[in-house]
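Enquirer: As numbered in numbering that gives the first Met the number 0, residues 0 to 119 make up the sequence shown, in order.
For glycine and all other residues, C-beta sits at the position ideal for the given N, C-alpha and C.
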Amino acid sequence: MDAKQLHILQHSLGLDQYGRGEPYRNHFVTGEGSKDHADCMALVELGFMTVRSGSALSGGDDIFRVTDAGRAAVIANSPEPPKISRSKQRYLDYLEADCSMSFIDWLKWKTRHRAETRQC
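1. Quick check on the burial criterion: 16 or more other C-beta atoms within 10 angstroms. Buried or exposed for leucine 12?
2. Give the secondary structure of threonine 116 by DSSP, where H, G and I count as helix, E and B as strand, and everything else as coil.
3. Compute the beta-carbon to beta-carbon distance between glycine 69 and phenylalanine 47, rounded to the nearest angstrom, for a pair I have assumed lies under 8 angstroms.
4. Nearest by alpha-carbon distance to serine 86: which of Asp38, Leu56, Asp15 and Phe102 is it?
5. Could you check what DSSP says for methionine 48 in three-state terms: helix, strand or coil?
6. What's the gap between the Cα of glycine 18 and the Cα of aspartate 67?
7. Give a yes or no on contact between the region 54-66 and the region 25-32, applying the rule of three or more CB pairs nearer than 8 angstroms.
8. Are glycine 30 and aspartate 61 close, meaning C-beta to C-beta below 9 angstroms?
9. Is the beta carbon of isoleucine 83 sitting closer than 9 angstroms to the one on leucine 91?
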């Protein structure tokens, strides 16, 4: 499997380029003559996808689904994510908190909260 085919499998499942995330879909729609159709058919030959003929719902394009073997291939072939510095991870944690505080106020709150938890 090449990098483009791995990307198709990851995209079909709704995962990022490192295979991370919670799969929230399982389909890829493409038709003959498109740039991805040949790769999808190769994935079907490898047993990583199944294919159904298109319908009105898919605009006539084929519908591909990832098999259990395809899910295992995504896990086995996805690259490791790059290392993130402590400061960048702290900022990502702030963004994930989705609070109404500024970053500096969130850092101060986090420091106080950590100190209070240690005292208990």
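Expert: Taking the structure as given:
1. buried
2. helix
3. 3 angstroms
4. Phe102
5. strand
6. 15 angstroms
7. yes
8. yes
9. yes
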